[in-house]
Each structure stands twice: as structure tokens, then as C-alpha cells.
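*Asks:*
Number of protein chains: 4
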Amino acid sequence: MKTPAVQPRKKSTPASNARINDPERTKEDILEIATHAFARDGLTGSRINDIGGLTAASKRMIYYYFENKEGLYRAVLERCYADIRSREEAIGVEDLPPEEALAQLVRLKFTYHMEHPEFVRLVMVENIHQGEHMRYLKEARTRGLFALQQLTRILQRGADSGVFRKDVRPIDVHTSISALCFYNVSNRWTVAHLLEHDMGDVTHAASRREAVVDEILRLCRLKV
Amino acid sequence: MKTPAVQPRKKSTPASNARINDPERTKEDILEIATHAFARDGLTGSRINDIGGLTAASKRMIYYYFENKEGLYRAVLERCYADIRSREEAIGVEDLPPEEALAQLVRLKFTYHMEHPEFVRLVMVENIHQGEHMRYLKEARTRGLFALQQLTRILQRGADSGVFRKDVRPIDVHTSISALCFYNVSNRWTVAHLLEHDMGDVTHAASRREAVVDEILRLCRLKV
Amino acid sequence: MKTPAVQPRKKSTPASNARINDPERTKEDILEIATHAFARDGLTGSRINDIGGLTAASKRMIYYYFENKEGLYRAVLERCYADIRSREEAIGVEDLPPEEALAQLVRLKFTYHMEHPEFVRLVMVENIHQGEHMRYLKEARTRGLFALQQLTRILQRGADSGVFRKDVRPIDVHTSISALCFYNVSNRWTVAHLLEHDMGDVTHAASRREAVVDEILRLCRLKV
Amino acid sequence: MKTPAVQPRKKSTPASNARINDPERTKEDILEIATHAFARDGLTGSRINDIGGLTAASKRMIYYYFENKEGLYRAVLERCYADIRSREEAIGVEDLPPEEALAQLVRLKFTYHMEHPEFVRLVMVENIHQGEHMRYLKEARTRGLFALQQLTRILQRGADSGVFRKDVRPIDVHTSISALCFYNVSNRWTVAHLLEHDMGDVTHAASRREAVVDEILRLCRLKV
DNA sequence: GATGAATGAGTGTTCATTCAT
DNA sequence: TATGAATGAACACTCATTCAT
Numbered sequence: 008m009k010t011p012a013v014q015p016r017k018k019s020t021p022a023s024n025a026r027i028n029d030p031e032r033t034k035e036d037i038l039e040i041a042t043h044a045f046a047r048d049g050l051t052g053s054r055i056n057d058i059g060g061l062t063a064a065s066k067r068m069i070y071y072y073f074e075n076k077e078g079l080y081r082a083v084l085e086r087c088y089a090d091i092r093s094r095e096e097a098i099g100v101e102d103l104p105p106e107e108a109l110a111q112l113v114r115l116k117f118t119y120h121m122e123h124p125e126f127v128r129l130v131m132v133e134n135i136h137q138g139e140h141m142r143y144l145k146e147a148r149t150r151g152l153f154a155l156q157q158l159t160r161i162l163q164r165g166a167d168s169g170v171f172r173k174d175v176r177p178i179d180v181h182t183s184i185s186a187l188c189f190y191n192v193s194n195r196w197t198v199a200h201l202l203e204h205d206m207g208d209v210t211h212a213a214s215r216r217e218a219v220v221d222e223i224l225r226l227c228r229l230k231v
Numbered sequence: 008m009k010t011p012a013v014q015p016r017k018k019s020t021p022a023s024n025a026r027i028n029d030p031e032r033t034k035e036d037i038l039e040i041a042t043h044a045f046a047r048d049g050l051t052g053s054r055i056n057d058i059g060g061l062t063a064a065s066k067r068m069i070y071y072y073f074e075n076k077e078g079l080y081r082a083v084l085e086r087c088y089a090d091i092r093s094r095e096e097a098i099g100v101e102d103l104p105p106e107e108a109l110a111q112l113v114r115l116k117f118t119y120h121m122e123h124p125e126f127v128r129l130v131m132v133e134n135i136h137q138g139e140h141m142r143y144l145k146e147a148r149t150r151g152l153f154a155l156q157q158l159t160r161i162l163q164r165g166a167d168s169g170v171f172r173k174d175v176r177p178i179d180v181h182t183s184i185s186a187l188c189f190y191n192v193s194n195r196w197t198v199a200h201l202l203e204h205d206m207g208d209v210t211h212a213a214s215r216r217e218a219v220v221d222e223i224l225r226l227c228r229l230k231v
Numbered sequence: 008m009k010t011p012a013v014q015p016r017k018k019s020t021p022a023s024n025a026r027i028n029d030p031e032r033t034k035e036d037i038l039e040i041a042t043h044a045f046a047r048d049g050l051t052g053s054r055i056n057d058i059g060g061l062t063a064a065s066k067r068m069i070y071y072y073f074e075n076k077e078g079l080y081r082a083v084l085e086r087c088y089a090d091i092r093s094r095e096e097a098i099g100v101e102d103l104p105p106e107e108a109l110a111q112l113v114r115l116k117f118t119y120h121m122e123h124p125e126f127v128r129l130v131m132v133e134n135i136h137q138g139e140h141m142r143y144l145k146e147a148r149t150r151g152l153f154a155l156q157q158l159t160r161i162l163q164r165g166a167d168s169g170v171f172r173k174d175v176r177p178i179d180v181h182t183s184i185s186a187l188c189f190y191n192v193s194n195r196w197t198v199a200h201l202l203e204h205d206m207g208d209v210t211h212a213a214s215r216r217e218a219v220v221d222e223i224l225r226l227c228r229l230k231v
Numbered sequence: 008m009k010t011p012a013v014q015p016r017k018k019s020t021p022a023s024n025a026r027i028n029d030p031e032r033t034k035e036d037i038l039e040i041a042t043h044a045f046a047r048d049g050l051t052g053s054r055i056n057d058i059g060g061l062t063a064a065s066k067r068m069i070y071y072y073f074e075n076k077e078g079l080y081r082a083v084l085e086r087c088y089a090d091i092r093s094r095e096e097a098i099g100v101e102d103l104p105p106e107e108a109l110a111q112l113v114r115l116k117f118t119y120h121m122e123h124p125e126f127v128r129l130v131m132v133e134n135i136h137q138g139e140h141m142r143y144l145k146e147a148r149t150r151g152l153f154a155l156q157q158l159t160r161i162l163q164r165g166a167d168s169g170v171f172r173k174d175v176r177p178i179d180v181h182t183s184i185s186a187l188c189f190y191n192v193s194n195r196w197t198v199a200h201l202l203e204h205d206m207g208d209v210t211h212a213a214s215r216r217e218a219v220v221d222e223i224l225r226l227c228r229l230k231v
């Protein structure tokens, strides 16, 4: 979830039992490990023992901070959604012309998915569990609507300036963008086997990204 | 020694619990229950005890016929892919005009995904496991390429008759169709919570299906 | 148990399902496989499935002929004791001078143990089970006493002719012979590791055999 | 913060079932029970459920401390060899005249085997498994060579003082002693049935012990 | 705040055995 | 006589979790 920082990793402090009395860092360490664990093996597939073993903090701390496995999973999910939300809010496409703004939005979203497979996989995991943990997420809902509103404004600006259709529904455009970005990561493995085509390959991904941008633009443009 | 009876097989007693010495029926029963179990809870989340259904006996037969949980999962995955393959091969869109053929293809694919969420979920599960069981599927690869070739022929016919672009790549169209059909089912639960929009709702699904058809046509058409 | 005959093994008959209607051969086949299985892995360690799988006759036949696993084990044990009994009865040492007769007896016994580790291992297995299956053996008891009587006669002849002590008890000599012959095979593996000395090595075995002969002679001789 | 209490450890409550937070005691308890279980029924024949004793909790601790059944078995085997090693090292026969030293050595070894049938049976079990767990024993090898060297010194002293032969090999004497002591316990049950002679009977054992001492002395003495 | 020891319910799997033909 | 299908009890082992310090 976090871009691999250059700052020295934990254990940089001399004493082996470092991080004593730094609960925030302990929590963050656990969350980082747990994110990869849940993204790799899912909720049922991950083992508390493994997560506890990989963390410098002991397994017991998981229960101390997150109550149980499900609590940890929810914290991981929340952290993931918070991360993508903060990214989307930072996107400054409002000043660009509508077509460029839309293209840029799609590019960023596509790239984010490609670079954060853990996010994609966690969303898959949550859907396998029929979204039963979503209700416990504090800010996720507002985040989703925010992204939709952001897109709606772009489409409106395009419609006003005559480059975009007036009859295309933002929810459809939004869903298509999400689907096309998500699928490239989510279904990488089955597609690779069925079509002998690795969507995770960087060359494939780059050309696919532009194809997706093109597809969304064709979907929204008034005239070709 | 044994008179090869002409009488219909034991399958004539549909609802009965009799599974005595009818191995095909026993296997099919297990596969049916296992398909729903794995689709609901994934490979690690499913419990062999639940898969066996109510009888403890059939649970044992899992090991008799499928060796272990993973073998059963593979058989389920294979059955699922075999089913969708046979459907796709039965599609007769070759006689329709290219635009209608493409539209019909998308509609059928969209509908199949909507009506077979267990297929979608099994594919998600397999991707969570990084496709490690795909290699054991016998005919899946040829199936995938078949669908792509089917689409390629339609696009070619459209390009020849001047209604479709010549510069659109079949793999991109194919991926987009799959993504748009898949996402509606796969991400139903998270989207429902984030956007307060249930893609599984029949009304929503119907309008979404036409939106997807439209999007794909706009992607392929030479002129709007 | 049986010296590896040169005669063609089973499956020499063309039809794959050969041995139909040859129950004695079927039983013998099962016993042969079972002997090696029980000798290798013990009673609890052997698997009926394996034994049934290695036999050309099906697993089900084991129950048909031997009732259950324990019945098969008893039959194996009995066959083993019958084999060694027939060998001992065939030994013609009564005509030799006492010292040579005793030496020859020890040599034969030592060699038999070395060449039939399955026998030694089965006896170990039976002792692990505290001899609870011995009672079901029909002729074993008479066999044991026969061997003791055979030795007793030799010792008596030696005592009469003045070469052997009169005060050595046959049971002690018999036990010593058995112990020294048995141990070389039974404890081969632990000794090999503890002393870095492989008693199963043919060179070691040959020199050990003569050492045992010498030891027994020194035990029985009146004068050195 | 915590006053380091001077009060004695929990081991002061010997018979109590309290095994709380006393890992050494817990391990020792498990090993004790497991020793008897493995000695009685072997590795495959023993049931983890039985080994755990009455409490289901201690059953779980097997995996906590010994990883699995095999790990527990190895620990048991190691403990057994460590016990006999410490006994042998404590033997002070170096000051006795050679003949008495040898006699005493044999007596002690014979008695140890008689009084520790579980040791004998564990060695049998390990040989049934072809000594595949011996390699994991830490100190066993040095132990075995120690006993051989102890015997070698006695034989050397005897040879130097003219009471023992110079041409008898220590490895042969050592093997004979082991064989004669081992067999009395290992083959008790089959011999009892075949010869109607219980080597475990105390009277029989006592006379047999002296017979073994005599046999070994006759083997080593220069003149009778 | 932090930890090693302990726990009970349940996991996938294997076993010897029997059924129906 | 012979066999593939079926079975229930038990098996070794793992899980998330809690206790005592």
C-alpha cells in the first residue's frame, strides 16, 4: 500500500527489542505485514501465526490492538481504502480541458491498480466475503461518492463545452473505468493461462492503458 | 453374463438419496455441492464437512474420487470452464450482421455472468490463488482461444463490410467485454456499499447490459 | 521367506486377469507381498491398501481369504515359522562329531538369520505386540521344542564323548545361539549409527559368524 | 516493578495436575508418558490421543514443544539414550581386577536391560524403522563409542596381566554382551511361547544373568 | 505495554472394513 | 470367485484465541 520508502527499515535501532513504547509504529508494522498476508492469501487463507511471526511485535499484540483476526482485516481494508482516497483527492484534473481531464483520470486509475495489486486483491477478497466487512469502514462510503462526483463534474464540463455526450450516465462511465482498470489486475492469472497473454507484463499494460483511455473517450465523446 | 439392460439409468430417481453404486451420479452430486461451496467461501474458506452435504458418507467419497480438497477444487473449476465453453460454442452469431453479432455476443456473455455468479466467484478464487490450478485443466486453454477467435471473425467481417474499425485489436475488445461483464458480478458488494448502487439488481443489470453493448459498439464502430 | 526362484513371476499368462480360479496361488501371492509389508512396516505400520494394491488380486480378496488384517498377519507369521522349521528339520548334523555338529548348527542358524531379515523383523514385530498372536500359531510350539531337542542331543553326545561340559544347560546354549544370531540382524541399524559398524556388511558378517561359532564352542567345551 | 520472588518454583507441588507455565515440567510429563506409549505400541502404533494422557490440553502441547509425532518420538529416543549413557559413565569398574570388572560390567548391563524394557523396546522400534531417526540424535554416537572404549580398556588390562586373550576383538565381545543382554528382553514373548520358558521370570533372569557372565568370561579368558 | 505457555474446537485426511453386484 | 463403490470411526494436526505473569 505504501510506496517502498528508502528510509531504513525497522530494526535500525540497536536494541533488539526496539519499538518499545511506540504503539503507533507497532500497529503500523502489523498492518503492513497483514496487508500483504491478506492480499496474498485472503481472510481465511491467512494465518495469524504467520502474521505474528513476521512482525517484530509478537502475535499477542494483534489481539491487543485489533481484538481478533477480523478486526485486523477490517483495519487493513480501511487503511487500503484510505490510501486510495487520499490519492484521488490529490488528483488535480479540474483545471484540464474535459477530454484531457478524463484521459488523465483513467490513466492514473489504471496505473494505481497496476501498481497496487494488494488493493485489487483485497477488494476481491472482500467481495468473496460479500462485502460483509464494508459496513465497519468509517469513511469509505464518502470516498466512493467523492470519486463519482469528481467524474461527474468532468463529464458535465465536457457536455457543456460540446465535446461529451449529454446522454451518458456518470455511473456507467465510472463503472466502466473501474471495471477496465480492475480486471487487468484481478484476472491476470486466469487470462494468462487461457489466452497465453500476461496482462501484468509492462509492455502489455502500457498499450492496454491507452486502449482503455481510448475506449472511455469513445464512450463519452459526442463525435468521433 | 449380465444382460445389458436397456432400462434408463438410475438417474430416473432424481430426488432420492440413493447413490448406491452409481459413481457418475455420486461424483456429479459432490461436484454440484462443491461448486457452490467453493464459489461461496473459496478454497481455504470451504469446509470439507460442509461440502459433503448432510451425509457423512459422501464426504468420504471426495477422497475416493478426487483424492483431496484440492483435487475436488480442480474438478469443480474444470466443470465450470467446460460449461461456459459449451455455451459459447453453441452461440450462432456467425450468420448475423457484424454489429448485431457483436451486440448479441456481448449480451449473451453479460447475461451468462449475471446468471452464473458461482462461475465469476470461482474465477476470482482462482486468481486469488494466482492461477496455480489452471495448469491442471485439460481443455481450458483451447476454450479461451476459441472465444477470442470467434470474436476476431466478427470483427473481421465488420471491418470488411466497413462498419468496424480496422485498427482495433481483438484482444482489446475481448478483454473489455470480459472486464465489463465480469466486474458487474465480481465487485457487486463493494460497489454496492461505496456507491449505494446494487449492480445485482435486475433493473440496474438490464440497463447496464445495454450500456455495455453500446460501449463495445462505440469501441468498434468506424463512425458513430 | 522364499528363496528368489528363477521361475517366471506372475503375469506370465497372457490374459491380464490371470490366476482366475487358482485360489492357492492367489493366497500365496498375497502372503508373499504381505510378508514383506509386515516385515518392513510392522503390523500397525502396514496398510491393507498397499498390500492389496501390490497384489494382482484385489484388496477385497484379503478379507475373503484371511478375514481381516490380523488374520493375514497371523498367516504370514505362521508361514514364516513353518519355513524355518522345515529348514531346521532338514539339517543333518546328527552324524557329525559333536563339535563339528555344534559349529555347523550355529553357522546355519547365523546364515539363515542373515539371509532372512524378514523373519527376524517379523519376530521383532511380534515381540513388540507381546506375542499376542503366537497362540494362534498351530505348529510353532512343537517346532521350538524340536530345535531345542536337536541341540540337546548334540550337547549330550559331546558330554558323553568328553569334549563338552556336563554342567552347561541346553536352554542357555540355545538362548545364546539365538541371541547372537538374532542380534546381528535385529539391531543392525542402531548399532551402525552408534558404533559406525555395519553388521549387515558381508565381510563383517562372515567374521562375526566365526566369532559366534567360537564363542559357543568355548561355552560348551570342557577344556580350551 | 515486579519483586523477583524468592519463593520456590511450582515444582514443589509434585503430584498436582498444575502444569501452568512450567514448560520443563510440561515437557518432562509428556516425554514420560510418550516413552511408555512408544515403547508399548511403537511409533505408528501409538496414538497421540493416548500419549497426551488424560488431559486434552497436554496433547496440544506435543505440537507446541515437539512439532509433531515424529519429533516427540525422537525426543523420547534421545532421552532414553541419554539415560543409559549417564548410567554407563557412572560405572566405576576401572579399579576392579579385569575379570571382576568384566563380570560386573556384564551384570550391570544385563540388569539395566531387564529393568528397562521400555529402552529395549524403543531400540527395537527404531530398528524396525531402519534407524532413520538415529541421525537426529545429538550425543548418541559419542555415547556408543564410549561404552566400547570402556570395555576395550578392561580387555587390555586383562591381556596385559595375562588373564585375557590377546586375540579377542573388543567389538566382538561388546556385540556379544549387548546381544545376550538385549535378547532376554526383546524376544521374551516369542521364546515364552515357543519354548514354554519365560525369560522375564525373575528366577530365570537371575540364573541367565550368571550364565551370560560366565559365557563372556569364557570368551575372554586365556585359560579355563 | 508486552510475552511465552496453554487451550478447545475443528481441520483435512486415512484407516480397516463392508456393501451390492 | 471376484470387484468397484461405499462407509464410519478415528487419525495426526492446525486454528484463532486466552491465560498468567
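Residue numbers (the numbering used here), protein chains in the order written: chain A, 8 to 231; chain B, 8 to 231; chain C, 8 to 231; chain D, 8 to 231.
Using N, Cα and C, we set each Cβ at its ideal position, and we do this for glycine too.
Below 7 Å on C-beta distance, what does Arg216/B contact in chain A?
*Replies:* None at all; the shortest Cβ gap to chain A is about 11 Å.
*Asks:* So which residues on chain C does His43/D lean against when the C-beta distance must stay under 8 Å?
*Replies:* The premise fails here: His43/D is roughly 14 Å from chain C at the closest Cβ pair, so nothing lies under 8 Å.
*Asks:* Is Gly49/B closer than 7 Å to His200/A when the C-beta atoms are compared?
*Replies:* It is not a contact, given that the beta carbons lie outside the stated cut-off.
*Asks:* Please check the pair Asn134/A and Asn194/B, which I expect to be a contact at CB under 8 Å, by giving their CB distance rounded to whole angstroms.
*Replies:* At roughly 6 Å, the Cβ-Cβ gap stays under 8 Å, so Asn134/A and Asn194/B are in contact.
*Asks:* Between Ile184/C and Val127/C, is the Cβ-Cβ spacing less than 7 Å?
*Replies:* Their beta carbons are not under 7 Å apart, which means Ile184/C does not touch Val127/C by this criterion.
*Asks:* Go through its chain and collect everything with a Cβ distance to His140/C's Cβ below 8 Å, but skip five positions before and after it.
*Replies:* Taken in chain order, the residues that qualify are Glu77, Tyr80, Arg81, Leu84, Glu133.
*Asks:* Check each candidate in Asn75/B, Leu158/B, Ser65/B and name the one with the smallest Cα separation from Asn28/B.
*Replies:* Answer by Cα proximity: Ser65/B.
*Asks:* Over the uninterrupted alpha helix (DSSP H) stretch that includes Ser185/B, give me the two end residues.
*Replies:* Per DSSP, Ser185/B belongs to the alpha helix (DSSP H) from 177–193.
*Asks:* For a contact defined as C-beta to C-beta under 9 Å, what are the partners of Met141/A on chain B?
*Replies:* Within chain B, the residues near Met141/A are Trp196, Thr197, Ala199, His200, Leu201.
*Asks:* Under three-state DSSP, which class holds Arg225/D?
*Replies:* Helix, per DSSP.
*Asks:* Give me whichever residues DSSP pairs with Phe153/C in a beta bridge.
*Replies:* Partner(s): none; Phe153/C has no beta bridge.
*Asks:* Taking C-alpha atoms, which residue in Phe153/C, His211/C, Leu61/C, Arg54/C lies nearest to Ile37/C?
*Replies:* Closest by alpha carbon: Leu61/C.
*Asks:* Can you check whether the C-beta of Ala213/C is within less than 7 Å of a C-beta belonging to chain D?
*Replies:* No, Ala213/C lies away from the interface with chain D (no Cβ there is under 7 Å from its Cβ).
*Asks:* Answer yes if the segment 203–214 of chain D comes into contact with the segment 170–177 of chain D, meaning at least three C-beta pairs across the two stretches below 8 Å, and no otherwise.
*Replies:* Judged by Cβ distances under 8 Å, the segment 170–177 of chain D makes no contact with the segment 203–214 of chain D, as fewer than three pairs qualify.
*Asks:* Provide the residue(s) that pair with Phe45/A in DSSP beta bridges, ordered along the chain.
*Replies:* Bridge partners of Phe45/A: none, in fact.
*Asks:* Mind listing the chain A neighbours of Ala186/B? Cutoff is C-beta to C-beta under 7 Å, in chain order.
*Replies:* Ala186, Leu187, Tyr190, listed in chain order.
*Asks:* With Val83/A as the anchor, note down where its alpha helix (DSSP H) starts and where it stops.
*Replies:* Here the alpha helix (DSSP H) through Val83/A covers 76–97.
*Asks:* Give the straight-line distance between the Cα atoms of Ala41/B and Asn56/B, rounded to the nearest whole angstrom.
*Replies:* The straight-line gap from Cα to Cα measures roughly 11 Å.
*Asks:* Would Asn75/A pass as an interface residue toward chain B - the criterion being a Cβ-Cβ separation below 7 Å?
*Replies:* No, because no Cβ of chain B sits closer than 7 Å to the Cβ of Asn75/A.
*Asks:* Leaving out the 5 sequence neighbours to the left and right, which residues in its chain are closer than 8 Å to Ile91/A when beta-carbon positions are compared?
*Replies:* Excluding sequence neighbours, Ile91/A sits near Tyr119, His123, Phe126, Arg150.
*Asks:* Flag Val130/C as yes if its beta-carbon sits less than 7 Å from any beta-carbon of chain D, otherwise no.
*Replies:* Taking Cβ atoms only, chain D reaches closer than 7 Å to Val130/C, which makes this a yes.
*Asks:* Suppose you measure from the CA of Ala63/D to the CA of Gly52/B; what does that come to, to the nearest Å?
*Replies:* About 26 Å.
*Asks:* Kindly identify the DSSP beta-bridge partner or partners of Phe171/C.
*Replies:* DSSP output for Phe171/C lists Arg228/C as bridge partner(s).
*Asks:* Give me the chain B residues within the contact set of His204/A, using Cβ-Cβ distance strictly less than 8 Å, ordered along the chain.
*Replies:* Going along chain B in sequence order, the residues near His204/A (Cβ under 8 Å) are Ile178.
*Asks:* Go ahead and pull the three-state DSSP assignment for Lys66/B.
*Replies:* Looking at Lys66/B - three-state DSSP - the assignment turns out to be helix.
*Asks:* Cβ closer than 7 Å: which chain D residues qualify as neighbours of Leu155/C?
*Replies:* By Cβ distance, chain D contributes Leu202.
*Asks:* If you reduce the DSSP assignment to three classes, tell me which class Ser214/A lands in.
*Replies:* Note: Ser214/A maps to helix in three-state DSSP.
*Asks:* Please determine, among Arg172/A, Glu107/A, Gly59/A, His211/A, the residue with the shortest C-alpha to C-alpha distance to Val220/A.
*Replies:* Among Arg172/A, Glu107/A, Gly59/A, His211/A, the Cα nearest to that of Val220/A is on Glu107/A.
*Asks:* Is the Cβ of Asn56/C closer than 7 Å to any Cβ of chain D?
*Replies:* No, no contact with chain D.
*Asks:* Here's a check: name, in chain order, each residue in its chain whose Cβ is nearer than 7 Å to the Cβ of Ser168/C, leaving out the five neighbours to either side.
*Replies:* Pro105.
*Asks:* With a 10 Å radius around its C-beta and 16 neighbouring C-beta atoms as the bar for buried, classify Gly165/C as buried or exposed.
*Replies:* By the 10 Å Cβ count, Gly165/C comes out buried.
*Asks:* Please report how far the alpha carbon of Ala213/B lies from the alpha carbon of Tyr190/B, in whole angstroms.
*Replies:* For Ala213/B and Tyr190/B, the distance between alpha carbons rounds to 15 Å.
*Asks:* Could you say which of Thr159/D, Leu229/D, Arg32/D, Arg215/D lies nearest to Val100/D if we only look at CA atoms?
*Replies:* Per the Cα distances, Thr159/D.
*Asks:* Does Leu3/D come within less than 7 Å of chain C when only Cβ atoms are used?
*Replies:* The structure shown does not extend to residue 3/D, since chain D is modelled only from 8 through 231, so no value can be given for it.
*Asks:* Whole-angstrom Cβ separation of Lys116/C and Cys188/C, contact assumed at under 8 Å?
*Replies:* With 8 Å as the limit, Lys116/C and Cys188/C qualify as a contact, their Cβ atoms being about 5 Å apart.
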